[in-house]
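Here the structure comes first, spelled out in structure tokens, and everything after it is commentary.
Protein chains in written order, with our numbering: chain E, 1 to 206; chain Y, 207 to 412.
Here's what the structure looks like:
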């Protein structure tokens, strides 16, 4: 049985949606950032990084969203969440998710978590001012070069879609002009109508 | 035929080593950061992100080191560069590489590329001061929790090894105290003795 440790409004939603998409049997446990549970000894024993998400499996714990999403796709191949029989197409899926993880999410994190990379209040304010531009540039690239439509990889829904949808929740708070991103906005709207997405979000906010 | 676009002293070395490890037929082309080639129209037509590495294949272009490394492992399965028949073990490989990409490399980038996330000189100086701590914390976690030894994933050499080796080139310049990281230092030394590593580095510096 699979167990997902998550925190609402974080990137753990991507794996939560993918588990729903996969038809997986799983349960979830909330990690409260407010109570700093991610740094508790109990949680650090599960994930020494002190971050969400964590996926507990029969074989051990997995972390890092791109790895977890590929794991879900490979563990539940009937759900066809990635082109598992096409090495190049699978690599394209992975490249997209890696970009979200290491560039888009990182740019976003400079709005609230500047303390990871600096110490001064003036630096945090500077970083916050830059977020609309740095995050906006990522979305402009996705809009122009990456999002094929209707899904990220074209006609086939993949593990790229819940991940993009999850990060796209934060566009307005990041000061990104969504009106300039019609494909991303349309993708987000269509994703929000899927039952798997509704169920995952409802579970997290319950 | 595969073509790798690389820049010396960057993370493209990881894929370069993996291509050697795989026994792949490939050729390379240097991208000069000094001449700002990564932002030239010709290069942006290959990789609109304006970054290295890029891997040109018969099917199209791939970017993002974790995706490229998994692609190389899957394209050359006889080289046994990843546990391709074990979904969980493969996910662990991917989680390690995702951590390098989105946490360790990102922390390092704040030493030289703070302009991605801020605008003020004082912020850049603040970020630079923090790099020994932020990058050092990543290596401490790798030393304590991740590097099983002798290779990252234990007895089997995988695509995690060239990636860790590549980023570990920068430890001293990042102000990390290597003496506190005996396993990481030993891994780097053993990697540096491999013929594939020597060949890739020699090619890049020729």
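Ideal placement from N, C-alpha and C gives every residue a C-beta, glycine not left out.
Would you decide whether residue 136 of chain E is buried or exposed? Buried here means 16 or more other CB atoms lie within 10 Å of its CB.
Stepping through the first chain from its first residue, residue 136 of chain E is reached at position 136. Buried, because 16 or more other Cβ atoms sit within 10 Å of the Cβ of residue 136 of chain E.
Taking Cβ to Cβ, would you say residue 406 of chain Y is nearer than 7 Å to residue 270 of chain Y?
As a position in the second chain, residue 406 of chain Y is number 200, starting the count at 1. As a position in the second chain, residue 270 of chain Y is number 64, starting the count at 1. No, Cβ-Cβ distance for residue 406 of chain Y and residue 270 of chain Y is not below 7 Å.
Could you tell me the alpha carbon to alpha carbon distance between residue 147 of chain E and residue 153 of chain E, rounded to whole angstroms?
As a working mapping, residue 147 of chain E is identified with position 147 in the first chain. As a working mapping, residue 153 of chain E is identified with position 153 in the first chain. Using only the alpha carbons, I get a separation of about 7 Å.
With DSSP collapsed to three states, give me the class of residue 282 of chain Y.
Taking the first residue of the second chain as position 1, residue 282 of chain Y is located at position 76. Coil at residue 282 of chain Y, not helix or strand.
Counterpart residues of residue 29 of chain E in DSSP-defined beta bridges
Start at 1 with the first residue of the first chain, and residue 29 of chain E comes out as number 29. Per DSSP, E/5.
Residues that DSSP places opposite residue 376 of chain Y in a beta bridge:
Position 170 of the second chain, counted from the start, is the residue given in the question as residue 376 of chain Y. As DSSP reads the structure, residue 376 of chain Y sits in no beta bridge.
Distance between beta carbons of residue 293 of chain Y and residue 158 of chain E, contact taken as under 8 Å
Taking the first residue of the first chain as position 1, residue 158 of chain E is located at position 158. Taking the first residue of the second chain as position 1, residue 293 of chain Y is located at position 87. Not really, about 17 Å apart at Cβ, beyond 8 Å.
Just to confirm the assignment, what range does the beta strand (DSSP E) spanning residue 54 of chain E have?
Taking the first residue of the first chain as position 1, residue 54 of chain E is located at position 54. Secondary structure note for residue 54 of chain E: its beta strand (DSSP E) is the uninterrupted segment 54-57.
Under 7 Å, Cβ to Cβ, is there at least one residue of chain E near residue 190 of chain Y?
Coverage of chain Y is limited to positions 207 through 412, which leaves residue 190 of chain Y absent and any answer about it impossible.
Could you please give the first and the last residue of the uninterrupted alpha helix (DSSP H) stretch that includes residue 268 of chain Y?
Within the second chain, residue 268 of chain Y is the residue found at index 62, counting from 1. For residue 268 of chain Y, there is no enclosing alpha helix (DSSP H); the residue is found in the beta strand (DSSP E) stretching over 266-269.
Using a cut-off of 8 Å between C-beta atoms, extract the partners of residue 75 of chain E located in chain Y.
In the first chain, the residue the question calls residue 75 of chain E occupies position 75. Per Cβ cutoff of 8 Å: 293.
Quick check for students: name the residue ranges of the alpha helix (DSSP H) that lie wholly in the segment 112-172 of chain E, counting only runs of 4 or more.
With a minimum length of 4 residues, the continuous alpha helix (DSSP H) runs that stay inside the segment 112-172 of chain E are 121-141, 160-168.
What in chain Y is Cβ-close to residue 106 of chain E, meaning under 7 Å?
Taking the first residue of the first chain as position 1, residue 106 of chain E is located at position 106. For residue 106 of chain E, the C-beta contacts it makes with chain Y under 7 Å involve 308, 312, in order along the chain.
Buried or exposed for residue 388 of chain Y, going by 16 or more other Cβ atoms inside 10 Å?
In the second chain, the residue the question calls residue 388 of chain Y occupies position 182. Note on residue 388 of chain Y: under 16 other CB atoms within 10 angstroms of its CB, so exposed under the neighbour-count rule.
So for residue 429 of chain Y, helix, strand or coil by DSSP?
Past the edges of chain Y, shown from 207 to 412, lies residue 429 of chain Y, and the structure says nothing about it.
Taking the C-alpha atoms as reference points, what is the distance between residue 47 of chain E and residue 61 of chain E?
For the purposes of this step, residue 47 of chain E is taken as the residue at position 47 of the first chain. For the purposes of this step, residue 61 of chain E is taken as the residue at position 61 of the first chain. Going from the Cα of residue 47 of chain E to the Cα of residue 61 of chain E covers about 8 Å.
Residues of its chain near residue 168 of chain E, where Cβ-Cβ distance is below 7 Å and the 5 sequence neighbours each way are ignored:
Against the first chain, residue 168 of chain E aligns to sequence position 168. Hits under 7 Å: 184, 188.
Does DSSP put residue 194 of chain E in a helix, a strand or coil?
For the purposes of this step, residue 194 of chain E is taken as the residue at position 194 of the first chain. In the structure shown, residue 194 of chain E sits in coil (DSSP, three-state: anything other than H, G, I, E or B).
Interface flag, residue 286 of chain Y vs chain E, CB-CB below 7 Å:
Translated into the one-based positions of the second chain, residue 286 of chain Y becomes position 80. False, the Cβ-Cβ gap to chain E never drops below 7 Å.
Would you give the residue range spanned by the alpha helix (DSSP H) that residue 12 of chain E belongs to?
As a position in the first chain, residue 12 of chain E is number 12, starting the count at 1. Counting along the chain, the alpha helix (DSSP H) containing residue 12 of chain E begins and ends at 12-22.
Simplified DSSP state of residue 387 of chain Y, which is helix, strand or coil:
On the second chain, position 181 is the one that residue 387 of chain Y refers to. In this structure, residue 387 of chain Y counts as coil in the three-state DSSP scheme.
Within chain E, the residues that residue 254 of chain Y reaches when beta carbons sit closer than 8 Å
Position 48 of the second chain, counting from 1, holds the residue named residue 254 of chain Y. Near residue 254 of chain Y (Cβ distances below 8 Å), the residues of chain E are 141, 144, 145.
Consider the Cβ of residue 325 of chain Y: report whether some Cβ of chain E lies at a distance smaller than 7 Å.
Here residue 325 of chain Y corresponds to residue number 119 of the second chain, with the count starting at 1. Yes, its Cβ sits closer than 7 Å to a Cβ of chain E.
Measure the alpha-carbon distance for residue 39 of chain E versus residue 248 of chain Y and round it to whole angstroms.
On the first chain, position 39 is the one that residue 39 of chain E refers to. On the second chain, position 42 is the one that residue 248 of chain Y refers to. Using only the alpha carbons, I get a separation of about 47 Å.
Is residue 45 of chain E close to chain Y? Criterion is C-beta to C-beta, closer than 7 Å.
As a first step, residue 45 of chain E must be located in the first chain, where it is residue number 45. Taking Cβ atoms only, chain Y never reaches closer than 7 Å to residue 45 of chain E, which makes this a no.
Could you work out which residue in E/191, E/100, E/17 is closest to residue 273 of chain Y when comparing CA atoms only?
Residue 273 of chain Y sits at position 67 when you count from the first residue of the second chain. Among E/191, E/100, E/17, the Cα nearest to that of residue 273 of chain Y is on E/100.
Might you give, ordered along the chain, the residues of its own chain that have their beta carbon closer than 7 Å to the beta carbon of residue 296 of chain Y, omitting 5 neighbours on each side?
Taking the first residue of the second chain as 1, we reach residue 296 of chain Y at position 90. Closer than 7 Å at Cβ, skipping near neighbours: 288, 289, 290.
Give the residues of chain Y in contact with residue 127 of chain E, contact being defined as C-beta atoms less than 8 Å apart.
Counting from one through the first chain, the residue named residue 127 of chain E turns up at place 127. Contact annotation for residue 127 of chain E against chain Y: 323, 324, 329 [CB-CB distance below 8 Å, chain order].
Buried or exposed: where does residue 115 of chain E fall if 16 or more other Cβ atoms within 10 Å of its Cβ makes it buried?
Position 115 of the first chain, counting from 1, holds the residue named residue 115 of chain E. Note on residue 115 of chain E: under 16 other CB atoms within 10 angstroms of its CB, so exposed under the neighbour-count rule.
For residue 382 of chain Y, three-class secondary structure by DSSP:
Taking the second chain and counting its residues from 1, one reaches residue 382 of chain Y at position 176. Taken through DSSP and simplified to helix, strand or coil, residue 382 of chain Y comes out as coil.
Looking at the unbroken alpha helix (DSSP H) that takes in residue 248 of chain Y, where does it start and where does it end?
For the purposes of this step, residue 248 of chain Y is taken as residue 42 along the second chain, with counting starting at 1. For residue 248 of chain Y, the enclosing alpha helix (DSSP H) covers residues 247-252.
Does the beta carbon of residue 300 of chain Y sit closer than 7 Å to a beta carbon anywhere in chain E?
Counting from 1 along the second chain, the entry for residue 300 of chain Y is found at position 94. When Cβ-Cβ separations below 7 Å define contact, residue 300 of chain Y makes contact with chain E.
So the alpha helix (DSSP H) residue 315 of chain Y belongs to, where does it begin and stop?
As a first step, residue 315 of chain Y is located in the second chain; it is residue number 109 there, counting from the start. For residue 315 of chain Y, the enclosing alpha helix (DSSP H) stretches over residues 311-315.
Length of the line joining the Cα atoms of residue 72 of chain E and residue 301 of chain Y
Within the first chain, residue 72 of chain E is the residue found at index 72, counting from 1. Within the second chain, residue 301 of chain Y is the residue found at index 95, counting from 1. Cα-Cα distance, rounded: 13 Å.
Going by C-alpha to C-alpha distance, which of E/57, E/139, E/13, E/193 sits closest to residue 180 of chain E?
On the first chain, position 180 is the one that residue 180 of chain E refers to. Closest option to residue 180 of chain E, Cα to Cα, is E/139.
Contact defined as beta carbons within less than 8 Å: I believe residue 264 of chain Y pairs with residue 118 of chain E. What is the distance between those atoms, to the nearest angstrom?
As a first step, residue 264 of chain Y is located in the second chain; it is residue number 58 there, counting from the start. As a first step, residue 118 of chain E is located in the first chain; it is residue number 118 there, counting from the start. Contact flag wrong, Cβ pair sits at about 44 Å.
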